[in-house]
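Protein sequences, first through last, are from chains A and B.
Heads up, the first sequence is in my numbering, so the first residue is -10 and it goes up one at a time.
Heads up, the second sequence is in my numbering, so the first residue is -10 and it goes up one at a time.
Here's the structure, in structure tokens; my notes come after.
2 protein chains.
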Amino acid sequence: MPEFLTLLPPDAARSLLLSNLGTLPDCSEMVDTASALGRVTTFDIFAPHPLPAFPRSTVDGFAVRARDTYGVSDSIPGYLALVGEVAMGTAPEIKLTGGECALIHTGGMLPQGSNAVVMLEYTQSVRPGEIEIQRSVADGENVIRVGEDVSENQLVIAKGVKLRPAEIGGLMALGIQEIRVAKKPRIGLISSGDEVIPPNQTPQPGQVRDINSYSLASLITQSGGQPVFYGIIADNFEMLKVKAAQALEECEMLIVTAGSSASIRDMTADVIASLGKPGVLVHGINTRPGKPTILGVCNGKAVIGLPGNPVSALVNGYLFVVPIIDKLLGLLPNRPRPIVPARLTVNLSSQSGREDWQPVRLVSTIDGYQAVPVFGKSNLIFSLAAADGLIKIHPDANGISAGEIVDVYLMS
Amino acid sequence: MPEFLTLLPPDAARSLLLSNLGTLPDCSEMVDTASALGRVTTFDIFAPHPLPAFPRSTVDGFAVRARDTYGVSDSIPGYLALVGEVAMGTAPEIKLTGGECALIHTGGMLPQGSNAVVMLEYTQSVRPGEIEIQRSVADGENVIRVGEDVSENQLVIAKGVKLRPAEIGGLMALGIQEIRVAKKPRIGLISSGDEVIPPNQTPQPGQVRDINSYSLASLITQSGGQPVFYGIIADNFEMLKVKAAQALEECEMLIVTAGSSASIRDMTADVIASLGKPGVLVHGINTRPGKPTILGVCNGKAVIGLPGNPVSALVNGYLFVVPIIDKLLGLLPNRPRPIVPARLTVNLSSQSGREDWQPVRLVSTIDGYQAVPVFGKSNLIFSLAAADGLIKIHPDANGISAGEIVDVYLMS
């Protein structure tokens, strides 16, 4: 059983955990692209064909041979024979030869023989069958060439990208109807503590409802994981060990919210140590809230012991659980975390050497956002519900002064 | 039929549209709280009982009568008779009288007769049945009183709040298993244009796949709406009118992506005008991309004509469709939009008087984020897929200089 170690800073604790997580066996699945929003790619995706697949006009105007317009201007216009109109959605049957032009719409396919388009604004219909051209165009002007956007076999979406509406649209443009994505990692959830009851029961004096399983399940869901509930285990080592072993067998990760009392927290550490090697990596983190957080890896799977306090559990869910899910999904760490800069309204003190995370509410003013700390003596979950985000007080600071600009990490 | 109006700035266009949208009939439904992540409340929610429901210790220590500790210190400790331990999860049977204390764990219920807790660190077990107290405590110290977090009937979640993990947890703490939320507004999607084919077909020369229905459907889904596909309509006024009328009947909002050519865009405006009053409110917006955007309201429902260009359609989806969905959901406009401040890497020019939205990629450096514009001649959807967000170039600017700090609006 590991001793209670020196408290690690949160960043070091997270790095230690992540570096002990092995790569997962292939955990991908095929899904319909139209339903793949928020999923993470597991392979580089290359364009099966160029985009556009045919030369297209970017304007409404007249398709021409560029050289037929050289030298023309407002004062010395040129005249081209109008040989027809390019219909949308079909390959034009028109073939231009010298001195000819064809009406074309934005997105239309250039007829053979043409290599540029003169915008409608710089033309005039002077006689039936004849168009006055008032401006010259260069070869390729107002045209997208074949493959100019995406060439055949070009990498269009890398492995490890979370799909947004833009990626879904892009895949559709290429006719990619199905896509291989990371399976949603199953994250087991166990609540422990003799005082904890399911939320659908009425608490008797001394009892409280299970909050953490549900706030963490929501966080897991919105982070791309799949929560699996293993219920509430009383303060009993053998029962907790059996249930935790089952959960770890069936899931890719396990979270135990460890009740409030020190004895249950120690029991959780002992259970993690019993589940596999290397076991407990971090027992206690130099942060508030969340000092009693336990980070472990057992047989290649992350096992996290979170404090029973609902604010500690959820804040440390954002700090530790989300990055692990990101790693399990194979997500590239290249999308920024959304933050909002805001002006702190009051002085915040903190203990030097410890990293604090303070819930704040954002208030919009004409000078930008103000960050108003949400204080709660007992750290009830509703102090987080009243907050828009969290600000970090660095361990080398004794606090932050009113008026300073802080980065507010949004809690989505 | 309305004439082509003076181009409105985007903010004014959005305000005009939103102010013409009436309040919807009650469109709420009951859902399980555990599955209500991301849904929006339609009623104020009040606490059915106080939290905590019993006085709880916030530390591990000894429950005492505060007055029994007055005057004690390290040098002059006091001594109290230990009468038992408070078990977690039950109302203690212990009742303290003068000179007594009881062992209590964090979260435990205070026994009758006690009103404070001395932390374990300031005590010592000197003899069986006797505890040395080295620090005095005030009445209520290290205790949360009944209702100190949330009092009975207190407003805990307002109407119009999008539920996050913290709110889900808070509702569970109160035993609220079901909750009334806004129904997902149905948003009809029609693509028009003779050149557009479904993504599962292979385009012939001159044809392109439908992108916009799918990128916009993804945007609608992640914004809390429910996309309803009405397919691709050829460039035919009567067919478009019939399909649009059906979609508007069945949905709370309709989006027509209007093909690329001017004639189809005008046809879309005519169709919107035919669907109901007041019809077209805005025909053309002073922005790039998205100038041909059409905003209308027909019989109280929003009808939007978006440009066929996939980048214009999606960017203007973020700018106009998302705020309408927010309004249909009754979402309070109090959560900030996630932005990331970043340093622009190159000069960006823009046309004075027009609001530009430029896709940018964010690059992390030791000095913070850099915003690198993603340029695409033809505004292909993959230029958005390569971008993390958008920056706004104000209409009273001629551009933004390299080195300036810009707000990047993240595209989630």
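Even glycine gets a Cβ: it sits at the ideal position worked out from N, Cα and C.
Which of the three DSSP states, helix, strand or coil, is assigned to Ser353(B)?
In the structure shown, Ser353(B) sits in a strand (DSSP, three-state: E or B).
Suppose you measure from the CA of Pro(-9)(B) to the CA of Val271(B); what does that come to, to the nearest Å?
In this prediction, Pro(-9)(B) scores a pLDDT of 40, lower than 50, which makes its location untrustworthy; the coordinate-derived value is nonetheless stated afterwards. Distance between the alpha carbons of Pro(-9)(B) and Val271(B): 10 Å.
Check the Cβ of Tyr358(B) against every Cβ in chain A and list those closer than 8 Å, keeping chain order.
Residues of chain A whose Cβ lies closer than 8 Å to the Cβ of Tyr358(B) are, in chain order, Pro325.
At 9 Å on the CB atoms, spell out the chain A contacts of Ile328(B), in chain order.
Here the neighbours are Pro327, Ile328, Val329 and Pro330.
Taking only beta-carbon atoms, is Val139(A) less than 7 Å away from chain B?
Closer than 7 Å: yes.
Thinking C-beta only, is Val311(B) closer than 7 Å to Ser212(B)?
Yes; because the gap between Cβ atoms is below 7 Å, this pair is in contact.
Straight-line CA distance for Met161(A) to Glu137(B)?
The straight-line gap from Cα to Cα measures roughly 54 Å.
At least three beta-carbon pairs within less than 8 Å, the segment 262 to 282 of chain A to the segment 352 to 359 of chain A:
No, because fewer than three Cβ pairs between the segment 262 to 282 of chain A and the segment 352 to 359 of chain A fall closer than 8 Å, the two stretches do not touch.
Assess, as a yes-or-no matter, whether the segment 216 to 230 of chain A is touched by the segment 101 to 120 of chain B under the definition of 3 or more beta carbon pairs within less than 8 Å.
Of all C-beta pairs linking the segment 101 to 120 of chain B to the segment 216 to 230 of chain A, fewer than three are shorter than 8 Å, placing the two stretches out of contact.
Per DSSP, which one or two residues make a beta bridge with Pro362(A)?
Pro362(A) is bridged to Val349(A).
For chain B, is any of its Cβ atoms less than 7 Å away from the one on Asp315(A)?
Output row for Asp315(A): interface = no.
Helix, strand or coil for Gln235(B), going by three-state DSSP, please let me know.
It is helical.
Chain A beta carbons: is any one of them nearer than 7 Å to that of Gly159(B)?
Flagged as an interface residue toward chain A: Gly159(B), by a C-beta distance shorter than 7 Å.
Chain-ordered residues of the segment 142 to 157 of chain A with a beta carbon less than 7 Å from chain B:
Against chain B - using a Cβ distance shorter than 7 Å - the residues of the segment 142 to 157 of chain A are Val145, Ile146, Arg153, Pro154, Ala155, Glu156 and Ile157.
Below 8 Å, can you find three or more Cβ-Cβ pairs linking the segment 312 to 328 of chain B to the segment 199 to 214 of chain B?
Segments in contact, yes.
Every unbroken alpha helix (DSSP H) within the segment 175 to 248 of chain A, with a cutoff of 4 residues, ordered by chain
Residue ranges of uninterrupted alpha helix (DSSP H) with 4 or more members, entirely inside the segment 175 to 248 of chain A and ordered along the chain, are 201 to 211 and 226 to 239.
Along the alpha helix (DSSP H) that carries Met256(A), what are the first and last residues, could you check?
It spans Ala251 to Leu264 - the alpha helix (DSSP H) in which Met256(A) sits, taken as one unbroken run.
Inspect the beta-carbon positions of Ser204(A) and Ile157(B) and report whether they are closer than 7 Å.
Yes, the pair counts as a contact, with Cβ atoms nearer than the cut-off.
I'd like to know whether the C-beta of Leu373(B) is nearer than 7 Å to at least one C-beta of chain A.
Yes, Leu373(B) lies at the interface with chain A (some Cβ there is under 7 Å from its Cβ).
Looking only at DSSP bridge pairs, what is Lys151(A) linked to?
As computed with DSSP, Lys151(A) is found in a beta bridge with Val29(A).
Option nearest Gln143(B) by Cα separation, candidates Ile34(B), Pro384(B), Ser263(B) and Val150(B):
When each option's Cα is compared against that of Gln143(B), the closest is Ile34(B).
Continuous beta strand (DSSP E) stretch holding Val425(B): start and end:
Residue 425(B) lies beyond the residue range present for chain B, which begins at -10 and ends at 401; the question has no answer from this structure.
Considering Cα atoms alone, identify which of Asn9(B), Gln123(B), Pro362(B) and Ser46(B) is closest to Lys290(B).
When only C-alpha atoms are compared, the closest one is Asn9(B).
What in chain B is Cβ-close to Asn189(A), meaning under 8 Å?
Those are Gly164 and Gln166, listed as they occur along chain B.
Going by alpha carbons, who is nearest to Ile168(A) out of Leu26(A), Pro384(A) and Gly78(A)?
Of Leu26(A), Pro384(A) and Gly78(A), the residue nearest in Cα terms is Leu26(A).
The segment 127 to 134 of chain B in contact with the segment 40 to 59 of chain B per 3-pair CB rule at 8 Å
These segments touch.
Start and end of the alpha helix (DSSP H) containing Lys290(B)?
Per DSSP, Lys290(B) lies in no alpha helix (DSSP H); the unbroken beta strand (DSSP E) holding it starts and ends at Lys290 to Leu295.
For Tyr111(B), which three-state DSSP category applies?
When secondary structure is reduced to three states using DSSP, Tyr111(B) falls in the helix class.
Please check if any C-beta of chain A sits within less than 7 Å of the C-beta of Phe43(B).
The beta-carbon of Phe43(B) is placed less than 7 Å from the nearest beta-carbon of chain A.
Does DSSP put Leu6(A) in a helix, a strand or coil?
It is helical.
So, using beta-carbon positions, are Pro154(A) and Ser207(B) closer together than 7 Å?
It is a contact, given that the beta carbons lie within the stated cut-off.
Check the Cβ-Cβ distances between Ser114(B) and every residue of chain A, and say whether any is below 7 Å.
No, its Cβ sits nowhere closer than 7 Å to a Cβ of chain A.
Taking only runs that begin and end inside the segment 46 to 121 of chain B, name each unbroken beta strand (DSSP E) of 3 or more residues, in chain order.
If one requires a minimum length of 3 residues, the beta strand (DSSP E) runs lying completely within the segment 46 to 121 of chain B are 50 to 53, 67 to 74, 89 to 93, 105 to 108 and 112 to 116, in chain order.
Ile394(B): which of Arg28(B), Asp255(B), Val361(B) and Cys90(B) sits nearest, CA to CA?
It is Val361(B).
Would you say the beta carbon of Pro154(A) comes nearer than 6 Å to a heavy atom of the ligand SAM?
Summarising the ligand content, the structure contains no ligands, and the ligand SAM is consequently not present.
Residue environment, Gly306(A), which counts as buried when at least 16 other CB atoms sit within 10 Å:
Residue burial is scored here from C-beta neighbours: Gly306(A) has at least 16 other C-beta atoms within 10 angstroms and is therefore classed as buried.
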